[in-house]
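Protein chains in written order, with our numbering: chain A, 39 to 409; chain B, 39 to 409; chain C, 39 to 409; chain D, 39 to 409.
4 protein chains.
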Amino acid sequence: MSLSNNTPDMNFASDNVMGASAPVLDALLAANGGGMPAYGADPITREVEAAFCEIFERDTAVFLVTTGTAANALAVAAMTTPWGLCACHAEAHIIDDECGAPEFFSHGAKLLGIPGTGGKLTPAGLEAALAALPNHEKQMPAQGLSISQATEAGTIYTGDEIAALSQVARARKLALHMDGARFANALVALDVSPAEMTWRRGVDILSFGGTKNGCLAAEAILVFDPALADSLRYRRKRSGHTVSKGRLLSAQFRGYLAGDHWLANARHANRMADTLSAGLAAIAGVRLAWPTQVNEVFPVLPAHVDAALKASGVAYYPWSSGSLPEGLTIGRDESLVRMVTSFATTPEAVEAVLSTAREASLAIAPRSVAA
Amino acid sequence: MSLSNNTPDMNFASDNVMGASAPVLDALLAANGGGMPAYGADPITREVEAAFCEIFERDTAVFLVTTGTAANALAVAAMTTPWGLCACHAEAHIIDDECGAPEFFSHGAKLLGIPGTGGKLTPAGLEAALAALPNHEKQMPAQGLSISQATEAGTIYTGDEIAALSQVARARKLALHMDGARFANALVALDVSPAEMTWRRGVDILSFGGTKNGCLAAEAILVFDPALADSLRYRRKRSGHTVSKGRLLSAQFRGYLAGDHWLANARHANRMADTLSAGLAAIAGVRLAWPTQVNEVFPVLPAHVDAALKASGVAYYPWSSGSLPEGLTIGRDESLVRMVTSFATTPEAVEAVLSTAREASLAIAPRSVAA
Amino acid sequence: MSLSNNTPDMNFASDNVMGASAPVLDALLAANGGGMPAYGADPITREVEAAFCEIFERDTAVFLVTTGTAANALAVAAMTTPWGLCACHAEAHIIDDECGAPEFFSHGAKLLGIPGTGGKLTPAGLEAALAALPNHEKQMPAQGLSISQATEAGTIYTGDEIAALSQVARARKLALHMDGARFANALVALDVSPAEMTWRRGVDILSFGGTKNGCLAAEAILVFDPALADSLRYRRKRSGHTVSKGRLLSAQFRGYLAGDHWLANARHANRMADTLSAGLAAIAGVRLAWPTQVNEVFPVLPAHVDAALKASGVAYYPWSSGSLPEGLTIGRDESLVRMVTSFATTPEAVEAVLSTAREASLAIAPRSVAA
Amino acid sequence: MSLSNNTPDMNFASDNVMGASAPVLDALLAANGGGMPAYGADPITREVEAAFCEIFERDTAVFLVTTGTAANALAVAAMTTPWGLCACHAEAHIIDDECGAPEFFSHGAKLLGIPGTGGKLTPAGLEAALAALPNHEKQMPAQGLSISQATEAGTIYTGDEIAALSQVARARKLALHMDGARFANALVALDVSPAEMTWRRGVDILSFGGTKNGCLAAEAILVFDPALADSLRYRRKRSGHTVSKGRLLSAQFRGYLAGDHWLANARHANRMADTLSAGLAAIAGVRLAWPTQVNEVFPVLPAHVDAALKASGVAYYPWSSGSLPEGLTIGRDESLVRMVTSFATTPEAVEAVLSTAREASLAIAPRSVAA
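Structure (structure tokens):
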């Protein structure tokens with residue numbers, strides 16, 4: 039057994055199972071002293087807003103909140119009336135994991151889930167789904183499109199793919215939202231500028247994630263289409279997401295953005311995922327459902343490998359097979375699972391997973407051969 | 039001019055203008071390392087829930103959130119249907135300061151503002167307002183009562199007063215919510231147990247404030263009536279208030295509650311307010327709108343004192359005269375203002391306010407005498 | 039006793055206690071035969087829409103519904119976001135009698151009730167209420183103003199008064215709604231054109247009542263500001279107010295509008311009210327709370343007159359004294375009541391009320407004199 | 039050409055394209071005279087409520103409204119919280135044709151569309167869909183099930199099939215709603231009692247349709263589970279569906295229910311559909327997508343027949359192929375359409391459709407043979 043007794047970080051369940059990174063905590067502590075206006079009327083919030091404008095190379099309305107669900111749901115509500123549809127992938131976080139937050143914030147708008155391999159929408163799939171909607175008042179009209187970057191399957195849209203989806207959306211007057219819970223991981227994987235991955239490709243409003251990549255609880259809604267920004271200060275306040283000691287929220291972003299700490303964190307997480315992914319794929323009987331593009335690995339594990347990993351204390355979740363590529367099926371003795379790395383994942387932890395998996399695979403293999 | 043140049047803490051605008059207290063920050067840092075389940079499924083959250091049960095001497099459902107607006111609005115929604123009324127003081131925080139959060143979370147319930155001197159409702163006033171509602175389907179039925187402890191006027195209800203309001207509420211089947219944004223300040227002022235100030239007096243659901251008294255962003259909804267708790271895990275999730283790195287929220291309460299740190303913070307804040315209040319009341323021309331019972335002081339300031347304080351950098355807000363006792367009026371050359379102290383208010387800051395006010399008063403006094 | 043045994047029409051409780059008028063029923067029957075497209079896509083609906091445009095001398099978006107509550111609530115929702123305020127009189131129908139319909143349709147907007155004598159808002163009163171709202175995100179912003187014509191006190195705004203209120207509204211970017219449940223009664227009382235009482239004076243959206251003045255169940259939302267019309271076809275459908283056999287709704291308006299039947303009905307109702315009002319005012323001990331301007335009479339009745347009327351089977355409601363002119367108070371032996379006449383009220387019924395009241399008054403008078 | 043010039047009733051687009059039946063109109067006229075209390079507080083409404091209790095052989099809470107959308111959406115809202123799911127067929131009227139009314143009335147609940155052949159849900163299909171929902175607060179919990187009787191495909195559930203679905207629902211604490219827009223048609227087709235088709239089989243709340251089968255605009259929400267009735271008087275009022283001249287709504291039901299007029303209307307409509315269905319099925323090249331069980335016929339028409347019918351003025355809609363039985367596909371030169379008969383459909387109209395279709399079929403057939 040290759041795991042030492044005190045390795046509490048064998049947790050690959052998600053990138054939110056870790057705490058905050060040191061520069062973020064340092065920035066928090068540095069901002070704590072003395073009196074400052076509450077509710078975001080403080081100089082640190084102003085500074086962070088300016089930083090976002092610089093990073094995104096344009097005027098950007100910035101609304102800080104503490105959760106990704108709030109960021110996404112506020113964004114969907116900003117672009118979809120209560121009687122409107124917001125299109126998204128059939129397995130999008132907003133449709134599957136937020137207990138109806140978009141419906142709540144938008145007062146009853148409907149999400150139109152569209153299937154797509156590997157968590158990604160295609161222009162053709164989007165166009166077909168929109169074209170199938172009757173043009174009649176009995177039909178809620180489509181008003182928004184939300185895409186996840188990286189997707190829920192850990193894949194990423196290229197800039198051109200985003201632009202192509204945006205073109206379909208724009209032709210039908212849909213606003214375009216990007217759920218960037220793992221924005222940094224996608225960005226460093228694509229190696230483009232934030233502007234190139236968003237508004238230059240047609241994104242109107244972005245959930246810029248901080249929490250999964252090193253903050254305590256910090257997300258930013260970045261609005262590139264000024265018309266979508268008007269309602270948000272009221273919507274945020276009214277939904278209880280205007281934090282009173284606002285500087286302690288913005289301070290997290292000060293630490294996160296300074297010196298490209300956020301990009302370094304994301305690069306580390308992605309590297310850990312690459313190592314994990316390559317190592318797993320090399321093990322007999324293990325396949326990858328999709329290529330690993332950011333910090334999420336989706337291996338199909340033989341039952342004995344799955345069991346050995348769990349027995350050794352590695353934490354991860356089983357995953358939905360709804361987004362599998364055509365032709366790929368999960369056998370009865372296999373499991374599709376998700377393993378997520380983060381800024382805090384250590385090479386030792388990755389190696390421990392791999393060696394446990396290898397051992398389990400080898401222990402079984404001879405018997406298989408014998409049979 | 040009695041203020042030194044670098045005194046950034048002359049901010050009496052509210053108790054949320056200060057950062058977090060040291061033990062809270064220490065607890066946060068201590069909880070940061072290693073992996074833990076997300077969304078509140080962690081051992082620290084379990085520990086904090088147990089602590090609340092012990093402090094309140096009973097089984098209590100606990101829902102942690104990051105803002106008081108969320109805590110209040112979720113509580114109001116838990117006890118009021120979309121077609122119901124929730125009674126409260128005409129100047130309650132929930133009616134005046136939350137941009138319609140209770141209406142949003144409850145899907146359109148209405149707040150019934152009832153006037154009362156010094157921010158307090160009376161059983162007779164409550165009974166009269168409820169009795170005036172027609173018993174007809176055109177009338178939204180009253181279903182909840184929300185009181186603030188301490189009130190928005192910095193006054194407190196005694197246990198007997200709470201019980202008397204509860205009796206009126208119960209007779210009409212209204213659930214009783216307490217907005218305890220300044221719960222600790224009221225508790226130490228009354229010198230009773232948490233149980234005595236809440237469920238033993240008929241309170242069904244409590245917004246237990248942490249932020250104003252030393253946390254970064256931490257409030258707890260404590261539910262004593264199990265029937266009111268059922269919806270809250272869904273409502274919280276759906277409103278984006280289930281924090282992903284939940285332990286970093288509960289850790290704040292661990293630090294806040296341990297060793298009665300919260301009570302010590304509140305006692306300090308109240309003491310600072312007492313000193314400030316007594317000092318101001320002793321100044322010629324300054325009156326108090328109401329007695330100072332917790333950490334808020336509501337002086338009526340002569341214009342020249344007001345001007346001198348502002349000139350010296352003291353921050354505070356003008357206040358509404360809607361809750362003034364009968365007979366007390368504000369002159370044309372006076373202002374009713376609110377000054378709030380906190381765990382972080384220093385005796386030096388209080389003394390600086392008082393000496394500036396005294397100087398300003400004296401500088402004018404001779405002329406007054408001469409006239 | 040002056041009432042004959044079979045006078046079932048002594049019902050002055052409201053103008054909706056009577057059925058429909060004959061021309062309306064005739065039009066309904068005439069439209070009933072054969073097949074026609076459902077949901078308002080029929081030629082009768084087109085015809086009625088054209089009729090409204092002609093009557094109002096302009097392009098007008100028309101949305102037919104079956105209840106005044108639906109018309110009002112849809113109109114308020116069209117002009118007020120979920121986080122907005124809609125100002126109205128403190129005793130407006132929308133705030134007092136619709137079980138929160140505006141809150142429901144608008145997803146949680148708030149009504150700002152403003153007091154005013156005789157059911158009427160004044161520009162100064164409106165301006166003061168709006169000016170008192172803090173300009174801060176904690177405050178829901180005012181976005182709409184709703185006035186009733188005729189008012190809930192049976193009084194009417196002159197064209198100039200409407201224009202003056204509109205000016206205050208416009209200066210603050212509030213849209214202006216008119217609740218015209220008794221539009222026809224006000225119109226014939228003022229003796230102006232529909233245009234003069236609405237959009238030429240700044241009204242943006244109108245609830246044009248038909249039911250109280252002779253229809254079965256027919257109200258029209260008339261939208262003069264095109265920007266407010268966009269959402270209504272979806273909102274109406276979604277709220278279940280797009281009637282499937284739409285021609286049977288529009289046919290009512292065909293009968294109602296043809297040959298100025300609606301104006302004739304309103305003139306009759308107003309005349310009956312005039313007679314009733316003058317008759318009552320001439321009786322010793324009876325006063326009018328306000329002048330009678332349309333088809334509603336608000337007498338203050340001595341207890342013995344009140345009792346005699348009730349004993350003789352006359353139906354009417356006690357009324358709120360919240361809108362009384364300063365100085366007018368209701369004695370302990372008096373009641374403020376409302377009596378409403380309609381197209382179906384007969385002169386005989388009015389005379390029966392008056393003679394009963396006169397007899398009751400005389401029967402008591404001698405004793406009063408004797409005392 | 040077999041159609042005479044003046045046959046305005048060749049409208050098979052829906053059963054709501056016809057007006058009201060004579061006994062319903064007679065009842066309306068009979069109820070019109072004299073004064074009666076408004077808002078349903080009249081004796082006719084009481085009488086109709088009693089009639090429903092007798093027809094359904096039990097105490098039943100009755101709420102009359104004017105549209106099926108209102109009846110369905112109020113029912114869904116009564117059984118589903120804002121954070122709950124209501125399961126239904128993937129092509130149910132509530133999910134496809136009401137512009138999000140259930141979402142609006144329920145404040146954001148979600149409909150879970152489940153596929154099923156011929157418009158029908160199966161217990162296994164329902165169970166599988168419910169079992170697939172994660173038991174986690176991120177998942178909106180299933181709380182209601184809505185079935186349509188007859189279905190949107192004109193098929194019907196037997197009593198045993200309803201009971202089997204109810205059993206699945208009950209095991210998971212889902213309330214059961216029946217959308218009975220064509221309740222009467224299903225009832226006479228099954229030849230059972232109303233009780234046998236509803237509460238004795240587990241139905242908790244029923245939308246009892248009147249409009250499609252002869253009323254002007256009259257639907258009844260019938261509530262068998264008293265707990266579901268509590269909210270409805272407020273919800274109905276608040277949504278603008280409490281009609282002021284309530285007797286003119288209940289009078290429609292008086293005429294509809296008296297002397298089993300409703301059953302006679304439904305039997306006629308079903309008979310017309312039978313004739314139409316049998317006649318079409320006998321035509322070369324025409325198939326039926328499903329058996330005709332009530333008053334809706336779903337033929338698959340060859341293009342030339344389709345064109346000939348349209349050219350002759352027959353009105354009907356193309357229909358979705360989403361519910362087709364496995365194996366049945368629509369050819370490129372075919373159309374799946376829906377033809378609906380009603381109480382007002384004449385045998386002559388049916389014969390005219392058939393002869394036009396036959397002629398068109400024959401005119402083409404020789405050529406087909408020749409080839």
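Think of the CB as a built atom: it goes at the ideal place given N, C-alpha and C, for glycine as much as any other residue.
Note that the structure is predicted; figures quoted are calculated from it, not measured.
Taking only beta-carbon atoms, is Pro264 of chain D less than 8 Å away from chain C? Position 226 of the fourth sequence, counted from the start, is the residue given in the question as residue 264 of chain D. Answer no: the Cβ-Cβ gap between Pro264 of chain D and chain C never drops below 8 Å.
Residue from C:Ala76, C:Gln187 and C:Trp300 whose Cα sits closest to the Cα of Asn110 of chain C: Here residue 110 of chain C refers to the residue found at position 72 when the third sequence is read from its first residue. Residue C:Gln187 is the option with its Cα nearest to Asn110 of chain C.
Using DSSP bridges, identify the partner residues of Tyr272 of chain C. Taking the third sequence and counting its residues from 1, the one referred to as residue 272 of chain C is at position 234. Beta-bridge pairing links Tyr272 of chain C to no other residue.
Proximity test, Cβ basis, 8 Å: Leu171 of chain C and chain D: Within the third sequence, the letter at position 133 stands for residue 171 of chain C. Chain D, which has no Cβ nearer than 8 Å to the Cβ of Leu171 of chain C, makes this no.
Integer Cβ distance of Thr394 of chain B from Leu347 of chain B, believed to fall under 8 Å: Reading the second sequence from its first residue, position 356 is the one you call residue 394 of chain B. Reading the second sequence from its first residue, position 309 is the one you call residue 347 of chain B. The pair is a contact, with the Cβ atoms about 6 Å apart (cut-off 8 Å).
Reduced DSSP secondary structure (H/G/I, E/B, other) of Glu85 of chain C: In the third sequence, residue 85 of chain C corresponds to position 47, counting from 1. Assignment of Glu85 of chain C by DSSP, reduced to helix, strand and coil, places it in the helix class.
Do Leu150 of chain D and Ala167 of chain D have their C-beta atoms within less than 8 Å of each other? In the fourth sequence, residue 150 of chain D corresponds to position 112, counting from 1. In the fourth sequence, residue 167 of chain D corresponds to position 129, counting from 1. Going by C-beta atoms, Leu150 of chain D is nearer than 8 Å to Ala167 of chain D.
For a minimum of 3 consecutive residues, which ranges assigned as the beta strand (DSSP E) are wholly contained in the stretch 176-207 of chain B? Listed in chain order, the complete beta strand (DSSP E) runs (minimum 3 residues) inside the stretch 176-207 of chain B are 180-186.
Could you name the residues of chain C that Met74 of chain D contacts, counting a contact when the two beta carbons are closer than 9 Å? For the purposes of this step, residue 74 of chain D is taken as residue 36 along the fourth sequence, with counting starting at 1. Residues of chain C passing the Cβ test: Pro46, Asn49, Val55, Met56 and Gly57.
Have a look at B:Thr83, B:Val378, B:Phe90 and B:Asn70 and flag the residue whose alpha-carbon is nearest the alpha-carbon of Ala233 of chain B. Stepping through the second sequence from its first residue, residue 233 of chain B is reached at position 195. Comparing Cα positions, the closest option is B:Phe90.
Beta-carbon proximity list for Val324 of chain C, same chain, < 8 Å, skipping 5 on both sides: In the third sequence, the residue the question calls residue 324 of chain C occupies position 286. Excluding sequence neighbours, Val324 of chain C sits near Leu318, Pro337, Val338, Leu339, Pro340, Val343, Ala395 and Ser399.
Can you grab the Cα-Cα spacing for the pair Ala79 of chain A / Thr189 of chain D, in whole Å? Taking the first sequence and counting its residues from 1, one reaches residue 79 of chain A at position 41. Taking the fourth sequence and counting its residues from 1, one reaches residue 189 of chain D at position 151. Each residue's alpha carbon lies about 57 Å from the other.
Along the chain, which unbroken stretches of the alpha helix (DSSP H) at least 4 residues long are found entirely within the stretch 80-142 of chain C? Qualifying alpha helix (DSSP H) stretches, in chain order: 81-93, 106-117 and 131-134.
Less than 8 Å between CB atoms is the rule here; does Arg370 of chain B satisfy it with respect to chain D? On the second sequence, position 332 is the one that residue 370 of chain B refers to. No, Arg370 of chain B lies away from the interface with chain D (no Cβ there is under 8 Å from its Cβ).
Would you check if the distance between the CB atom of Phe50 of chain D and the CB atom of Val332 of chain D is smaller than 8 Å? Position 12 of the fourth sequence, counted from the start, is the residue given in the question as residue 50 of chain D. Position 294 of the fourth sequence, counted from the start, is the residue given in the question as residue 332 of chain D. Cβ distance not < 8 Å, so Phe50 of chain D and Val332 of chain D don't count as in contact.
For the beta strand (DSSP E) that Asp298 of chain C lies in, which residues bound it at each end? Position 260 of the third sequence, counted from the start, is the residue given in the question as residue 298 of chain C. First-last for Asp298 of chain C: undefined, no H or E at that position.
So, for Asn54 of chain B: in the same chain, excluding its five sequence neighbours on each side, which residues have a beta-carbon less than 7 Å away from its beta-carbon? Position 16 of the second sequence holds residue 54 of chain B. Hits under 7 Å: Thr249 and Lys250.
Ala255 of chain B burial status per 10 Å Cβ neighbour count (16 or more: buried): Taking the second sequence and counting its residues from 1, one reaches residue 255 of chain B at position 217. Classification of Ala255 of chain B: buried, given that the 10 Å Cβ count is 16 or more.
With a Cβ-Cβ cutoff of 8 Å, do Asp217 of chain D and Ile132 of chain D count as a contact? For the purposes of this step, residue 217 of chain D is taken as the residue at position 179 of the fourth sequence. For the purposes of this step, residue 132 of chain D is taken as the residue at position 94 of the fourth sequence. Ile132 of chain D is positioned such that its CB atom lies closer than 8 Å to that of Asp217 of chain D.
Can you pull the chain B neighbours of Leu272 of chain A, defined as C-beta to C-beta under 7 Å? Numbered from 1 along the first sequence, position 234 holds the residue referred to as residue 272 of chain A. Here residue 272 of chain A is Tyr; the residue named in the question, Leu, does not match the sequence. Correct list: Cys137.
To the nearest angstrom, how far is the alpha carbon of Lys176 of chain B from that of Val103 of chain A? Your numbering for residue 176 of chain B matches position 138 in the second sequence. Your numbering for residue 103 of chain A matches position 65 in the first sequence. Each residue's Cα considered, the two are about 39 Å apart.
Is the beta carbon of Gln205 of chain B closer than 8 Å to that of Asp122 of chain B? If you number the second sequence from 1, residue 122 of chain B lands on position 84. If you number the second sequence from 1, residue 205 of chain B lands on position 167. With the sequence shown as reference, residue 122 of chain B is identified as Gly, and Asp is not the correct amino acid for it. When the beta-carbon positions are compared, Gly122 of chain B and Gln205 of chain B stay at least 8 Å from each other.
Any beta-carbon of chain D closer than 8 Å to the one on Gly252 of chain A? By one-based count along the first sequence, residue 252 of chain A stands at place 214. At a cut-off of 8 Å between beta carbons, Gly252 of chain A makes no contact with chain D.
Residues of its chain near Ser52 of chain B, where Cβ-Cβ distance is below 7 Å and the 5 sequence neighbours each way are ignored: Stepping through the second sequence from its first residue, residue 52 of chain B is reached at position 14. If we look at Ser52 of chain B and ignore the five residues flanking it on each side, its Cβ neighbours are Val378.
Look at the Cβ atom of Gly284 of chain B, then the Cβ atom of Asp47 of chain A, and state whether they are nearer than 8 Å. By 1-based counting over the second sequence, the position of residue 284 of chain B is 246. By 1-based counting over the first sequence, the position of residue 47 of chain A is 9. Using a Cβ distance threshold of 8 Å, Gly284 of chain B and Asp47 of chain A do not count as a contacting pair.
Tell me the residue span of the alpha helix (DSSP H) that contains Gly163 of chain D. Here residue 163 of chain D refers to the residue found at position 125 when the fourth sequence is read from its first residue. Its alpha helix (DSSP H) spans residues Pro161 to Ala169.
Just the chain B side, please: which residues come within less than 9 Å of Lys211 of chain C by C-beta, in chain order? For the purposes of this step, residue 211 of chain C is taken as residue 173 along the third sequence, with counting starting at 1. Near Lys211 of chain C there are no residues of chain B at all, since even the closest Cβ is about 18 Å away, more than 9 Å.
Can you pull the chain A neighbours of His145 of chain C, defined as C-beta to C-beta under 7 Å? Position 107 of the third sequence holds residue 145 of chain C. Under the 7 Å cutoff, chain A gives Pro120 and His145.
Rounding to the nearest angstrom, what Cα-Cα distance links Thr45 of chain C and Leu392 of chain C in this structure? As a first step, residue 45 of chain C must be located in the third sequence, where it is residue number 7. As a first step, residue 392 of chain C must be located in the third sequence, where it is residue number 354. In this predicted model, Thr45 of chain C has a pLDDT of only 47, less than 50, meaning its place in the structure is not dependable enough to derive any value.
CA-to-CA distance, Ile243 of chain D to Thr98 of chain D, given in whole angstroms: On the fourth sequence, position 60 is the one that residue 98 of chain D refers to. On the fourth sequence, position 205 is the one that residue 243 of chain D refers to. Rounded to the nearest angstrom, the gap between the Cα atoms of Thr98 of chain D and Ile243 of chain D is 9 Å.
Using DSSP's beta-bridge definition, name the partner residues of Lys148 of chain B. On the second sequence, position 110 is the one that residue 148 of chain B refers to. Answer is B:Leu123.
From the beta carbon of Met310 of chain B, is the nearest beta carbon of chain C less than 8 Å away? Numbered from 1 along the second sequence, position 272 holds the residue referred to as residue 310 of chain B. Not flagged as an interface residue toward chain C: Met310 of chain B, since no C-beta distance is shorter than 8 Å.
Give, in chain order, every unbroken run of the beta strand (DSSP E) that is at least 3 residues long and sits entirely within the stretch 216-267 of chain C. Counting only runs of at least 3 residues, the stretch 216-267 of chain C fully encloses the following beta strand (DSSP E) elements, listed from N- to C-terminal order: 243-247 and 257-261.
State yes or no: is the C-beta of Phe142 of chain C within less than 8 Å of the C-beta of Ser245 of chain D? Indexing the third sequence from 1 puts residue 142 of chain C at position 104. Indexing the fourth sequence from 1 puts residue 245 of chain D at position 207. Not in contact: Phe142 of chain C and Ser245 of chain D (Cβ atoms no closer than 8 Å).
With C-beta atoms as the reference, is Arg292 of chain B less than 8 Å away from Ala88 of chain B? As a first step, residue 292 of chain B must be located in the second sequence, where it is residue number 254. As a first step, residue 88 of chain B must be located in the second sequence, where it is residue number 50. The Cβ atoms of Arg292 of chain B and Ala88 of chain B do not sit closer than 8 Å to each other.
Closer than 8 Å, CB to CB, is Gly71 of chain D near chain C or not? In the fourth sequence, counting from the first residue as 1, residue 71 of chain D sits at position 33. Contact with chain C is found for Gly71 of chain D, since one of that chain's Cβ atoms lies less than 8 Å from the residue's Cβ.
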